[in-house]
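Remarks on the structure that follows.
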Amino acid sequence: MQKRLFIKGNEALAYGAIKAGCRYYFGYPITPQNDIPEYLSRHLAKVEGCFIQAESEVASINMLLGASAAGARAMTSSSSPGISLMQEGISYLAGSELPGVIVNITRSGPGLGGISASQGDYFQATRGGGHGDYRTIVLAPHSVQEMHDLTMLAFDLADSYRNPAVILADAVLGQMQETMEDRPYQPMELSPKDWTLTGASGREPNLIKSLYLKEGAMEKHNWKLFEKYQRMKKEVRYELTREEDAQLMVVAFGTPARVSKTAIRLARTQGLKVGLFRPMTLFPFPAQALLDLSQRVKRFISFEMNTGQMVEDVKLSVARDADVHFYGHPPGSPPVPEELLDAIKKVY
Amino acid sequence: MGKIEVNRERCKACGLCISVCPKKLICFSRAANSQGFYPAEPGPEEECTGCALCAEACPDVAIEVWR
Amino acid sequence: MKQVFKRPQSLKDVPFHFCPGCHHGTIHRLVAEAIDAFNFRERTIGVAGVGCSVFVYEYFHIDVAEAPHGRAPAVATGLKRVRPDRIIFTYQGDGDLASIGMSEIVHTANRGENITVIFVNNTVYGMTGGQMAPTTLLGQQTTTSPYGRNFNQDGYPIRMAEMLATLEGTAFSVRVALNSPANLMKAKKAVRQAFEMQMNDMGFSFVEILSSCPTNWGLNPLKANERVERELIPYFPLGTFKERKESDHL
Chain A
205 MQKRLFIKGN
215 EALAYGAIKA
225 GCRYYFGYPI
235 TPQNDIPEYL
245 SRHLAKVEGC
255 FIQAESEVAS
265 INMLLGASAA
275 GARAMTSSSS
285 PGISLMQEGI
295 SYLAGSELPG
305 VIVNITRSGP
315 GLGGISASQG
325 DYFQATRGGG
335 HGDYRTIVLA
345 PHSVQEMHDL
355 TMLAFDLADS
365 YRNPAVILAD
375 AVLGQMQETM
385 EDRPYQPMEL
395 SPKDWTLTGA
405 SGREPNLIKS
415 LYLKEGAMEK
425 HNWKLFEKYQ
435 RMKKEVRYEL
445 TREEDAQLMV
455 VAFGTPARVS
465 KTAIRLARTQ
475 GLKVGLFRPM
485 TLFPFPAQAL
495 LDLSQRVKRF
505 ISFEMNTGQM
515 VEDVKLSVAR
525 DADVHFYGHP
535 PGSPPVPEEL
545 LDAIKKVY
Chain B
92 MGKIEVNRER
102 CKACGLCISV
112 CPKKLICFSR
122 AANSQGFYPA
132 EPGPEEECTG
142 CALCAEACPD
152 VAIEVWR
Chain C
2 MKQVFKRPQS
12 LKDVPFHFCP
22 GCHHGTIHRL
32 VAEAIDAFNF
42 RERTIGVAGV
52 GCSVFVYEYF
62 HIDVAEAPHG
72 RAPAVATGLK
82 RVRPDRIIFT
92 YQGDGDLASI
102 GMSEIVHTAN
112 RGENITVIFV
122 NNTVYGMTGG
132 QMAPTTLLGQ
142 QTTTSPYGRN
152 FNQDGYPIRM
162 AEMLATLEGT
172 AFSVRVALNS
182 PANLMKAKKA
192 VRQAFEMQMN
202 DMGFSFVEIL
212 SSCPTNWGLN
222 PLKANERVER
232 ELIPYFPLGT
242 FKERKESDHL
């Protein structure tokens, strides 16, 4: 029988990172993710890892760049405004084809905003956020178990594609405590890292850069990155709940997805045939799966803790004759199942 | 000859005024305020010199002084 | 009898949200007293940092801008360049000023911007729950230095007042404390002098105030004051590190 832990989301994430071989963490305090650096400041020392509380998020992402270039599994974490500061660094990671895990325990914004959960960073995470033509892998947990499991996956995907991976969680997931199974890390098969900077002894020098000035080189590099993002499509992950006979599908990720599951149970008791489509990868977005589903189901409602972000991707994915509605609960208090049920009834 | 007044609702019972009073005239009240703090309470007026050290030390600007 | 001590006019008559014994309340009052003393409330603009200092706008009867974490000196620069006849001050903690804001404070001082910086040094990150700060002392346990700050792992605590004093642009750099009535009176004078320097166009003025954070130090307010005396002052000595006598502004 699997050992079970009763643990906070942020700590489950940090625990998963260490399990997956992360030995380098660079971060800066910001509510509501401080449990992550605090946990790692205690536990990385126990596995001879390195913890640095950097002077800022700008420094953190650049320390990650260095550690990754040297071949290590490295992670940073922050929340919305801090993630904004990291955008230049993330662009550099993507352009230099470096792995790295960046955790966003989303808070409300824009600006200083507040410390309650939101999903206002969906665009920031999936549309690049920083400058240039790149994407980051984006994973969206919806439980403490997934805070742990998807973190382990993030390290493997980042290494597999030599690309930064973002874990897009929120303040509720970070702060809540649930039981989870202490699942072992099951590594993906990965090729050895022969591109890292370790000193050019007995080999030609390796170069980590994102600058391409020669004629045609930039164009070639951009297409190379594009090909990579196409190959990533096979990493799509999503979860379907009660979709078999659904007349309406809720589309939600993270905390709203949890709330949706209760709302759907309530709806079903009232005879409404509702199901949930829950993306677990926001990039690559499960567009094909949604398109397939929309051949039969013609009504969708995107439920988000913002004023309308993922709904655009849902609209882009579904068949032309499917209707896509939106119910938004901007940050403040967490949403309740009853309000989603009301919204469902309006469009059912 | 001096006098102080403590705003009971602003006082957080930090104890700093009590520690700086040169004549140890201030003490904690036995009645809590609406926040649950037992605020500082001035001592006998005849003894107070109005030195205002208590007011200077108070982080909550809860004390006024007359001399 | 006449009233010899009351709330400064520049300070709103509202309760402070700060923890019992926190020196932020005292420092807010000292700044308000200085603004009252020079009677320039109506031409003063404050810039709040991020941390426990973020609520400055709730407490002062003055115009206030909120800056992103660490960037208050840059925001203040923008304000002062547009409105040179206004009195501009920033109010920042040790994480805000000495960690993420290190570049902004150094360059603002270096440019000799005619603003006043109030630096609240309590050796921890207060608002976010007690993490290590650039001013955390060696051996000090915090939530991100659980084994005590160690110079091999975390480097040494930074002495901001001395460091900024080495810059030509700095006109006034002083360190004070609030742990005793005598030190509090010196702090009051220093804050007043800093604003006076700005009023007289002397250049960049900086007041570092050693403060306590009873909640995150795990000490009651009295013991916290004792810690300031016993541990902070020996490493962060009180005194004036630079005091320009003549303005170098034309």
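Residue numbers (the numbering used here), protein chains in the order written: chain A, 205 to 552; chain B, 92 to 158; chain C, 2 to 251. We put the beta carbon where it would ideally sit given N, CA and C, even for glycine.
Extent of the continuous beta strand (DSSP E) run through residue i
i        : result
ARG482/A : 478 to 483
PRO368/A : 368 to 374
HIS529/A : 527 to 532
GLY240/C : 240 to 244
THR310/A : 304 to 310
SER206/C : 205 to 211
VAL1/C   : As shown, chain C starts at 2 and ends at 251. That puts residue 1/C outside it, with no answer to give.
SER506/A : 503 to 508
MET282/A : Looking at the sequence itself, residue 282/A is Ser, so the reference to Met does not match. 278 to 282 is the span of the beta strand (DSSP E), which, as asked, contains SER282/A.
ILE46/C  : 45 to 49
First and last residue of the uninterrupted alpha helix (DSSP H) at residue i
i        : result
GLY253/A : That residue, GLY253/A, is in no alpha helix (DSSP H); it is neither H nor E in DSSP.
GLN194/C : 182 to 200
GLN492/A : 491 to 497
LEU417/A : Element bounds for LEU417/A: n/a, residue is neither H nor E.
Assumed close pair residue i, residue j - CB separation to whole angstroms, cut-off 8 Å
i        : j        : result
ILE159/C : PRO135/C : 5 Å
ILE63/C  : THR45/C  : 5 Å
SER284/A : ASP325/A : 6 Å
PHE359/A : ARG227/A : That pair is no contact at about 11 Å.
LEU302/A : ARG366/A : 7 Å
ALA148/B : VAL156/B : Not a contact, Cβ separation roughly 12 Å.
LEU179/C : THR171/C : So it is not a contact: roughly 23 Å between Cβ atoms.
LEU269/A : GLY293/A : 6 Å
PHE6/C   : ALA146/B : 4 Å
Between the CA atoms of residue j and residue i - distance to the nearest angstrom
i        : j        : result
LYS250/A : VAL177/C : 40 Å
LEU107/B : VAL51/C  : 27 Å
PHE504/A : LEU209/A : 36 Å
ALA362/A : GLY317/A : 30 Å
PRO150/B : PHE17/C  : 9 Å
ARG101/B : ASN124/B : 9 Å
ASN221/C : PRO21/C  : 9 Å
ASN214/A : SER54/C  : 26 Å
ASP527/A : THR340/A : 29 Å
VAL48/C  : GLY475/A : 57 Å
MET267/A : SER100/C : 15 Å
PRO488/A : PRO396/A : 24 Å
VAL440/A : LYS502/A : 22 Å
PHE430/A : LEU486/A : 17 Å
PRO368/A : ILE240/A : 19 Å
PRO534/A : PRO541/A : 15 Å
ASN184/C : THR145/C : 31 Å
HIS247/A : PRO215/C : 27 Å
ASN98/B  : ALA104/B : 11 Å
MET1/C   : LYS418/A : Residue 1/C lies beyond the stretch modelled for chain C, which goes from 2 to 251, so this question has no answer here.
PRO490/A : PRO483/A : 7 Å
ALA66/C  : GLY458/A : 34 Å
Strand pairing of residue i, partner residues [DSSP]
i        : result
MET155/B : Looking at the sequence shown, residue 155/B is not Met but Glu. Paired residues: GLU96/B.
ASN122/C : LEU211/C
GLN381/A : LYS212/A
CYS118/B : GLU132/B
Contacts of residue i in chain B (Cβ-Cβ under 8 Å)
i        : result
LEU24/C  : For clarity, residue 24/C is His in the given sequence; the question names Leu instead. Within chain B, the residues near HIS24/C are PRO150.
LYS190/C : The premise fails here: LYS190/C is roughly 13 Å from chain B at the closest Cβ pair, so nothing lies under 8 Å.
Chain B residues whose Cβ lies nearer than 9 Å to that of residue i
i        : result
GLN4/C   : GLU155, VAL156, TRP157 and ARG158
PHE19/C  : LYS103, PRO150 and ASP151
LEU220/C : Those within 9 Å of LEU220/C in chain B number zero; the least Cβ separation is about 12 Å.
Cross-chain neighbours of residue i in chain C, by beta carbon under 7 Å
i        : result
SER260/A : GLY71, SER100 and ILE101
ILE234/A : THR129
ALA146/B : PHE6
Proximal chain A residues relative to residue i, where beta-carbon distance stays under 9 Å
i        : result
SER146/C : SER245 and GLN257
Chain-ordered neighbours of residue i on chain C, where CB pairs are closer than 8 Å
i        : result
TYR531/A : By Cβ distance, chain C contributes nothing, its closest Cβ being about 31 Å from TYR531/A, past 8 Å.
PRO171/A : There is no way to answer for residue 171/A, as the model of chain A reaches only from 205 to 552.
Neighbouring residues, chain A, relative to residue i (Cβ below 8 Å)
i        : result
TYR92/C  : Ordered by position in chain A, no residue passes the 8 Å Cβ test against TYR92/C, which lies about 15 Å from the chain.
VAL324/C : This structure leaves residue 324/C out entirely; chain C is present only between 2 and 251.
9 Å Cβ cut-off: residues of chain C touching residue i
i        : result
LEU116/B : Here the premise fails: no neighbours, minimum Cβ distance about 15 Å.
Residue i: contacting residues in chain B (beta-carbon distance under 7 Å)
i       : result
THR27/C : PRO150
ARG30/C : VAL152
Residues that residue i contacts on chain A, provided the C-beta gap is smaller than 7 Å
i       : result
GLU34/C : Here the premise fails: no neighbours, minimum Cβ distance about 28 Å.
GLU67/C : LEU316
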